[in-house]
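First up is the structure itself, then whatever we jot down about it.
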């Protein structure tokens, strides 16, 4: 009896372990038609917008800080302008992404390193600009979860998973398939922007951003 | 550093103007400033940024004691508070139903500026190396602050508009390079009233 129970647990463990190890690409996917492609872009604002977010940053070890984030976007030109402000309104960081390059207008320590600028603008791009290329895969899993996947430079991969009812996730994977960014988007959408966003970064630095939309304008 | 200079200007000049009649000269204003024991007020802050069509609005309040304590608090859209009591400074933000202490770097930056604030709170406002002051009797009476070399990269001009009610300031206007601007309007200003116990110690 005890032996059978032990075997059951082993089988259960094996089952859970196996399920956890199945790469997402291997899940049964009902491939979408070209008509389904717009779904892959629905979570990104389509036209110009400006937004204000309340941002809580949590670093490894639980140290946290509250900031205001102001972003203006021009998706058709792939332009972004982002500011980080203290609650008092002092600008800590001000940078633009245009023509694929980052122009830092202002950066106050400890936000003044090139790595910070690159990381922040990379996160903002992942959040608000749809990948440029056509997805390599898009469709629906058996449980109705919609999936869009883009192959990026250097073996990186961007994936969107979710549904209008359940909310959406954006995953960024490195060339080993490991998730380096996981973003949760929850509605309702205002001017094409999610009301609540949570970004979890694991590499190269681990941190979490919880963003609440305060203002959105076209 | 600059954000705290800005705060210093705000608090320092607020106290400076408090208790002063509009017809008073600069020396009288300084004397009135020295008679301040406490100030508490609410404020509405409008932050105008060139990339936003609508200003960013924040509401808050502050408490000051001439014994060397300050509580500067934002109630919305972000709840945060800076507490100074003597040499101790603590900064918190409110999240998930609890107050959380801010990152160390921010605390250190505020500590630097509080040295500047304390100068002004001891009646040495015109000893500031950061700003040149100009008093205009009005009406409305105004104090204009022109930044010196270095700080003018961040702040072009500060203007404090005094209320017709003696001892009260109506608003502060701060102009920055690039078209950014901050306006802070004060409401319900109380001078030398009693302050709640523990207001400078706990968020």
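Chains as they are written, first to last, in this note's numbering: chain A, 1 to 218; chain B, 219 to 421. All residues carry an ideal CB built from backbone N, CA and C; glycine is no exception. These numbers come from a predicted model, not from an experiment.
Span of the alpha helix (DSSP H) holding residue 118(A)?
Looking at the DSSP string, the run of the alpha helix (DSSP H) that includes residue 118(A) is 114-128.
Enumerate in chain order the residues of its own chain whose CB-to-CB distance from residue 304(B) is below 8 Å, with the five nearest sequence positions on each side excluded.
Excluding residues within five positions, the ones whose Cβ falls inside 8 Å are 286, 287.
Please determine, among 77(A), 90(A), 122(A), the residue with the shortest C-alpha to C-alpha distance to residue 49(A).
77(A)
Put residue 134(A) into one of helix, strand or coil per three-state DSSP.
coil
Quick one: does residue 378(B) have its CB under 7 Å from some CB of chain A?
No, residue 378(B) does not count as interfacial toward chain A.
Distance between residue 183(A) and residue 164(A) (C-alpha atoms, nearest Å):
15 Å
Cβ atoms of residue 30(A) and residue 208(A): under 7 Å apart, would you say?
no
Taking buried to mean at least 16 other C-beta atoms within 10 Å of its own C-beta, is residue 173(A) buried or exposed?
Buried, since its Cβ has 16 or more Cβ neighbours within 10 Å.
Excluding the five sequence neighbours on either side, which residues of its own chain have a C-beta within less than 7 Å of the C-beta of residue 340(B), listed in chain order?
Confidence at residue 340(B) is low in this model, with a pLDDT of 46, below 50, so the placement of that residue is unreliable and no value is reported for it.
Considering Cα atoms alone, identify which of 154(A), 145(A), 177(A), 36(A) is closest to residue 166(A).
145(A)
Can you find at least 3 beta carbon pairs, one from the segment 130-140 of chain A and one from the segment 49-61 of chain A, that sit closer than 8 Å?
Because the criterion of three Cβ pairs below 8 Å is not met, the segment 130-140 of chain A and the segment 49-61 of chain A do not touch.
Do the segment 85-94 of chain A and the segment 264-281 of chain B meet, that is, are 3 or more Cβ pairs less than 8 Å apart?
yes
Counting only C-beta atoms, is residue 395(B) closer than 7 Å to chain A at any point?
no
Residue 302(B) vs residue 310(B) beta-carbon contact at 7 Å:
no
When 162(A), 190(A), 157(A), 192(A) are compared against residue 175(A), the one with the closest alpha-carbon
When the alpha-carbon of residue 175(A) is set against those of 162(A), 190(A), 157(A), 192(A), the nearest one is in 157(A).
Between the C-alpha atoms of residue 419(B) and residue 249(B), what's the straight-line distance to the nearest angstrom?
29 Å
Return the residue from the list 198(A), 44(A), 199(A) that minimises the CA-CA distance to residue 130(A).
44(A)
Assuming the contact rule is C-beta atoms closer than 8 Å, residue 115(A) and residue 95(A) should be a hit. Round their C-beta distance to whole Å, please.
Not quite, the Cβ-Cβ distance comes to about 13 Å (not below 8 Å), so this is no contact.
Could you name the residues of the same chain whose beta carbon sits closer than 6 Å to that of residue 400(B), not counting the 5 residues immediately before and after it, in chain order?
265, 392
Which residues, in order along the segment 295-317 of chain B, keep a beta-carbon less than 7 Å from a beta-carbon of chain A?
295, 296, 298, 311, 313
Compute the Euclidean distance between the alpha carbons of residue 274(B) and residue 33(A), then round it to the nearest angstrom.
Rounded to whole angstroms, the gap between the alpha carbons of residue 274(B) and residue 33(A) is 43 Å.
Straight-line gap, residue 371(B) to residue 395(B) (C-alpha atoms, nearest Å):
7 Å
Tell me which residues share the same chain as residue 104(A) and place their Cβ nearer than 7 Å to its Cβ, disregarding the 5 neighbours each side in the sequence.
95, 117
Is there at least one Cβ from chain B nearer than 7 Å to residue 217(A)'s Cβ?
yes
Classify residue 210(A) as buried or exposed, calling it buried when 16 or more other Cβ atoms lie within 10 Å of its own Cβ.
buried
Between the Cα of residue 201(A) and the Cα atoms of 100(A), 73(A), 126(A), which residue gives the shortest distance?
126(A)
What residues of chain A sit near residue 292(B), judged by a beta carbon separation below 8 Å?
87, 88
Would you please verify whether the beta carbon of residue 269(B) is less than 7 Å from any beta carbon of chain A?
At least one C-beta of chain A is nearer than 7 Å to the C-beta of residue 269(B).
Report the three-state DSSP secondary structure of residue 364(B) (helix, strand or coil).
strand
Less than 7 Å between the C-beta atoms of residue 369(B) and residue 257(B), yes or no?
no
Do you know whose CA, among 143(A), 171(A), 142(A), lies nearest residue 263(A)'s CA?
Here chain A comprises residues numbered 1 to 218, so residue 263(A) is not present and cannot be evaluated.
Between the Cα of residue 70(A) and the Cα atoms of 272(B), 297(B), 373(B), which residue gives the shortest distance?
Here the closest residue by C-alpha is 272(B).
Residue range of the unbroken beta strand (DSSP E) whose run includes residue 207(A):
Where residue 207(A) is concerned, the enclosing beta strand (DSSP E) stretches over 207-217.
Given residue 194(A) as reference, the closest of 217(A), 180(A), 181(A) once Cα atoms are compared
Ranking 217(A), 180(A), 181(A) by Cα distance to residue 194(A) puts 217(A) first.
Can you tell me whether DSSP reads residue 187(A) as helix, strand or coil?
strand
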